[in-house]
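K.L.:
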Amino acid sequence: MLIFTVTDQENKNYRKLPDKELRLLMVKRGDHPYIGQWALPGGFVREKESLEEAALRELKEETNIDNVYIEQLFSWGKVDRDPRTRVISVSYMSLIDSSSLNIKASHDAEDAKWFAVNCKLMDEKKTVTEMGYILEKIYKLILSNQEVEEKEISAVIKVIKTVEGKVWTIDRTVVESKGIAFDHGKIIEYGIERLRNKIAYSDIAFNLMPELFTLTELQQVYELILDKELLKANFRRKISGMVIETDEFTKDAGHRPSKLFKFNHDWSEHRFND
76 MLIFTVTDQE
86 NKNYRKLPDK
96 ELRLLMVKRG
106 DHPYIGQWAL
116 PGGFVREKES
126 LEEAALRELK
136 EETNIDNVYI
146 EQLFSWGKVD
156 RDPRTRVISV
166 SYMSLIDSSS
176 LNIKASHDAE
186 DAKWFAVNCK
196 LMDEKKTVTE
206 MGYILEKIYK
216 LILSNQEVEE
226 KEISAVIKVI
236 KTVEGKVWTI
246 DRTVVESKGI
256 AFDHGKIIEY
266 GIERLRNKIA
276 YSDIAFNLMP
286 ELFTLTELQQ
296 VYELILDKEL
306 LKANFRRKIS
316 GMVIETDEFT
326 KDAGHRPSKL
336 FKFNHDWSEH
346 RFND
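Under the working numbering, the residue at position 162 of the sequence shown is numbered 237, and the numbers go up by one with no gaps.
1. Can Asn220 and Phe257 be called in contact, C-beta distance under 7 Å?
2. Flag this pair as touching only if the segment 164 to 173 and the segment 127 to 144 have three or more C-beta atom pairs under 8 Å; answer yes or no.
3. Determine whether the beta carbon atoms of Leu99 and Val223 lie at a separation below 7 Å.
4. Is it right to say His330 is buried, meaning 16 or more other beta carbons lie within 10 angstroms of its own, or is it exposed?
5. According to DSSP, which residues form a beta bridge with Asn193?
6. Can you look up Glu410 in the DSSP assignment and give me helix, strand or coil?
7. What are the uninterrupted segments assigned as alpha helix (DSSP H) that are 4 or more residues long and contained completely in the segment 92 to 169, given in chain order?
8. On the three-state DSSP scale, how would you describe Tyr297?
9. When the distance is taken between beta carbons, is Val250 closer than 7 Å to Ala187?
10. Whose CA, out of Leu216, Lys212, Leu218 and Leu270, lies closest to the CA of Asp384?
11. Would you mind stating whether Thr82 and Ser173 have Cβ atoms separated by less than 7 Å?
12. If you drop the 5 nearest sequence neighbours on each side, which residues of the same chain put their C-beta closer than 7 Å to that of Phe281?
13. Rounded to the nearest angstrom, what separates Phe310 and Lys233 at their Cα positions?
14. What distance in whole Å lies between the Cβ atoms of Thr80 and Leu176, which are believed to be in contact at a cut-off of 8 Å?
15. Which whole-angstrom value describes the C-beta separation of Val238 and Lys95, a residue pair presumed to lie in contact below a C-beta threshold of 8 Å?
16. For a test of the three-state rule: what should DSSP assign to Thr244, helix, strand or coil?
17. Suppose the cutoff is 8 Å on Cβ atoms and the five residues either side in sequence are ignored; what does the same chain contact list for Gly117 look like?
18. Write down the C-beta distance between Glu225 and Gly254 rounded to the nearest angstrom, noting that I regard them as a contact closer than 8 Å.
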């Protein structure tokens, strides 16, 4: 289960809006294998529950909340992904407004902590073949939390897309892992890719927002997830139908009051392009 939220970074300049951080919930394993390393929260499906019911149960157990965004991402089934036995996992992604969180560790975990997420493309190489091409990308995933002993855990993930005529395949491999258990590094990288792709054409980002927000705060979240700056005028034009202006303003000391907006539940999907 990939549980994402967005929080404000510590801000020492009260006249400046705090920067945002994308955070991911990780649990420290209290049992073998990978004892002491950090893993995604999760568990086994019970005999009389569906995959989605199991995911919702795990989410409730880990965060003590429900009725939030959840989406099935992918199935992971390489033979050697768990040294204990053959395990096939189905990953889910949940997006949560940070103001509603109440985290607790599960029974096989020592601790549960939020880690700041940074996933960067480090290298890219394309090789043209007779029938298509092979595109190889190397990503560096860094998860950081200054409150834990490790401070920083990381993984290097190789993503190879092979295209032959009309057929294409994608393979992900964890090349290096420091402090992240199992193959969870590539599961996280895939979840981030999915989040970045989906934010471009859907209202998915609003699941990370409080009920009322400023347009600047909304743009901060988009830029954080997409990992790039957006032109203010273009951004506001393209999300104009997704928000409703309210009569309320911010009341933060040190800042000029800003108009507050809320999500427009009647918005119909369109492509978000910059």
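Positions of the beta carbon are idealized from the N, C-alpha and C atoms, including for glycine.
P.N.:
In this structure, then:
1. no
2. yes
3. no
4. exposed
5. Ile217
6. Because the chain here runs from 76 to 349, residue 410 falls outside it and cannot be looked at.
7. 126 to 138
8. helix
9. no
10. The displayed coordinates of the chain run from 76 to 349. Any statement about residue 384 would go beyond what the structure contains.
11. yes
12. Phe338
13. 32 Å
14. 7 Å
15. About 36 Å; that fails the 8 Å criterion.
16. strand
17. Met76, Glu133 and Ser164
18. 5 Å
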